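With my numbering, letter number 232 in the first sequence gets 272, and the count goes up by one each step, no holes.
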Amino acid sequence: MPELPEVEVLRRSLAPHLVGRAFRRVEVGNPSLREPVRPATLRRHLLGRRVAEVGRRAKYLLIGLDGESTLALHLGMSGRVLLTPGASAAGPHEHLRFFLDDGRVLRFRDPRRFGLAFALPTRRLPRDRHFAGLGPEPLADGFDGATLRSAARRRHGPVKSFLMDAGVVVGVGNIYACEALFRAGIHPRRSVARIAPQRWETLAASVREVLADAIRQGGTTLNDFADGEGRRGYFQVSLAVYGRDGETCTRCGRAIRRLVQSGRSTFYCPRCQR
DNA sequence: CGTAGACCCTGCGCGC
DNA sequence: TGCGCGCAGGGTCTAC
Numbered sequence: 041m042p043e044l045p046e047v048e049v050l051r052r053s054l055a056p057h058l059v060g061r062a063f064r065r066v067e068v069g070n071p072s073l074r075e076p077v078r079p080a081t082l083r084r085h086l087l088g089r090r091v092a093e094v095g096r097r098a099k100y101l102l103i104g105l106d107g108e109s110t111l112a113l114h115l116g117m118s119g120r121v122l123l124t125p126g127a128s129a130a131g132p133h134e135h136l137r138f139f140l141d142d143g144r145v146l147r148f149r150d151p152r153r154f155g156l157a158f159a160l161p162t163r164r165l166p167r168d169r170h171f172a173g174l175g176p177e178p179l180a181d182g183f184d185g186a187t188l189r190s191a192a193r194r195r196h197g198p199v200k201s202f203l204m205d206a207g208v209v210v211g212v213g214n215i216y217a218c219e220a221l222f223r224a225g226i227h228p229r230r231s232v233a234r235i236a237p238q239r240w241e242t243l244a245a246s247v248r249e250v251l252a253d254a255i256r257q258g259g260t261t262l263n264d265f266a267d268g269e270g271r272r273g274y275f276q277v278s279l280a281v282y283g284r285d286g287e288t289c290t291r292c293g294r295a296i297r298r299l300v301q302s303g304r305s306t307f308y309c310p311r312c313q314r
């Protein structure tokens with residue numbers, strides 16, 4: 041479900057409600073996410089602490105507590121985080137519940153259980169194995185064509201897989217990789233060794249633009265994405281290629297095609313993308 | 001070293 | 001209606 045825009049939309053929806061709140065209780069249902077949830081560790085870091093900030097790194101939601109500890113949540117493919125007014129019963133696949141001092145409950149639901157939830161001292165975060173190998177944030181200052189071009193040195197393979205490599209740039213998943221390549225007019229199978237410097241600039245700009253547009257429109261709700269208060273996104277109506285196999289290209293009218301790269305579907309326009 | 005494929009898990013929509 | 005298949009927004013590990 042979530043790429044960078046969806047996590048960012050979630051972050052923005054949660055921040056005003058979480059900042060200043062304290063954690064009263066932590067309940068763990070099924071602890072077997074991608075890595076086992078450790079209830080005792082969560083409680084040690086969270087209980088009695090107040091939320092100082094709600095941040096994001098790559099596709100991780102980072103809830104900072106009193107500047108000392110951080111709760112990291114990753115939504116995997118099917119994760120959702122919801123803030124509800126009261127302590128109603130756990131819904132299906134609701135694996136975590138965080139009870140706040142204002143009576144509200146932060147709930148983590150994830151049917152496929154590819155998600156993650158862990159807490160750690162904030163100062164250790166940069167060296168933590170989940171974050172240590174991550175590339176730059178595409179929406180931060182300094183991300184440009186040169187960033188991508190230098191990451192592509194001594195590499196080969198298709199540009200689409202390259203864009204989805206979190207060591208190159210974070211937050212770009214299957215939807216936005218397809219959309220950015222369409223905007224840049226680059227064929228997803230093109231080798232990174234055969235992209236001219238100017239086209240790297242175009243691609244970097246396209247990545248930033250498509251992510252920013254998606255955030256502005258509340259993210260992409262293909263199935264069930266919603267922010268912390270249950271509001272759905274509407275960027276899906278702006279998707280130019282993703283999921284549009286066989287439909288016409290909005291720019292040239294040719295049929296959008298689908299192919300498979302590294303086991304993932306890729307959608308592209310055979311005329312607009314070279 | 002970098003890259004491709006299998007794999008983790010559940011739910012949904014489709015064709016038969 | 002029921003069933004099997006393919007597919008799904010992510011990331012990691014292994015084999016080349």
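Backbone N, C-alpha and C define an ideal beta-carbon position, used for all residues, glycine too.
Everything numeric in this text was worked out from a predicted model, so none of it was measured.
Exposed or buried, what is M204 when buried is set at 16 or more other beta-carbons lying within 10 Å of its beta-carbon? On the first sequence, residue 204 is found 164 positions in, with the first residue counted as 1. Buried, because 16 or more other Cβ atoms sit within 10 Å of the Cβ of M204.
Is P71 near A254, with beta carbons less than 7 Å apart? Sequence index remark: in the first sequence, residue 71 carries index 31 (1-based). Sequence index remark: in the first sequence, residue 254 carries index 214 (1-based). No, the pair does not count as a contact, with Cβ atoms beyond the cut-off.
Which residues mark the beginning and the end of the alpha helix (DSSP H) in which A220 is found? Residue mapping note: residue 220 aligns to position 180 of the first sequence, counting from 1. Element bounds for A220: N214 to A224.
Beta carbon of F138 nearer than 7 Å to that of V208: If you number the first sequence from 1, residue 138 lands on position 98. If you number the first sequence from 1, residue 208 lands on position 168. Cβ atoms of F138 and V208: not closer than 7 Å.
Decide if G303 is buried, meaning its Cβ has at least 16 other Cβ atoms within 10 Å, or exposed. Walking along the first sequence from the start, residue 303 turns up at place 263. Exposed, because fewer than 16 other Cβ atoms sit within 10 Å of the Cβ of G303.
For the beta strand (DSSP E) that contains T110, what are its first and last residues? Mapped onto the first sequence, residue 110 falls at position 70. Element bounds for T110: S109 to H114.
Nearest-angstrom Cα separation, counted from I235 out to G185: In the first sequence, counting from the first residue as 1, residue 185 sits at position 145. In the first sequence, counting from the first residue as 1, residue 235 sits at position 195. Going by the C-alpha atoms only, they are around 11 Å apart.
Is C292 buried or exposed, if buried means 16 or more other CB atoms sit within 10 Å of its CB? Position 252 of the first sequence, counted from the first residue, corresponds to residue 292. Exposed: under 16 other Cβ atoms inside 10 Å.
Alpha carbon to alpha carbon, how far is V281 from Y274? Give it in angstroms, no decimals. Here residue 274 refers to the residue found at position 234 of the first sequence. Here residue 281 refers to the residue found at position 241 of the first sequence. Those two C-alpha atoms are separated by around 15 Å.
For V145, the first and last residue of its enclosing beta strand (DSSP E): On the first sequence, position 105 is the one that residue 145 refers to. V145 -> beta strand (DSSP E) spans V145 to R149.
For E135, which three-state DSSP category applies? Translated into the one-based positions of the first sequence, residue 135 becomes position 95. As written in the sequence, residue 135 is His, which differs from the Glu given in the question. DSSP places H135 in strand when its eight states are reduced to three.
In the DSSP output, what is V121 paired with across the bridge? The residue labelled residue 121 in the question sits at position 81 within the first sequence. F148.
If you count every other CB in all the chains shown that lies within 10 Å of the CB of G258, and 16 or more means buried, which is it? On the first sequence, residue 258 is found 218 positions in, with the first residue counted as 1. Flag for G258 reads buried.
DSSP on A233, reduced to helix/strand/coil? Here the question's residue 233 lines up with position 193 in the first sequence. Helix at A233.
If we count the other Cβ atoms within 10 Å of its Cβ and call it buried at 16 or more, is H135 buried or exposed? By one-based count along the first sequence, residue 135 stands at place 95. With 16 or more other Cβ atoms within 10 Å, it is buried.
Taking only heavy atoms of the ligand NAD into account, decide whether any of them is closer than 6 Å to the Cβ of R137. As far as ligands go, the structure on display features none, and thus does not contain the ligand NAD.
Measuring alpha carbon to alpha carbon, tell me which residue in T260, P132, R84 and R153 is nearest V49. Walking along the first sequence from the start, residue 49 turns up at place 9. V49 has its Cα closest to that of T260, out of T260, P132, R84 and R153.
Using alpha carbons as the reference points, say which of H227, G155, A252 and R195 lies closest to A233. As a working mapping, residue 233 is identified with position 193 in the first sequence. The candidate whose alpha carbon is nearest that of A233 is R195.
What separation, rounded to the nearest whole angstrom, lies between the Cα atoms of T242 and K99? Counting from 1 along the first sequence, the entry for residue 242 is found at position 202. Counting from 1 along the first sequence, the entry for residue 99 is found at position 59. Distance between the alpha carbons of T242 and K99 is about 24 Å.
Buried versus exposed call for D150 [16 or more other C-beta atoms within 10 Å across all chains shown]: Residue mapping note: residue 150 aligns to position 110 of the first sequence, counting from 1. The residue in question, D150, is buried, as its Cβ has 16 or more Cβ neighbours within 10 Å.
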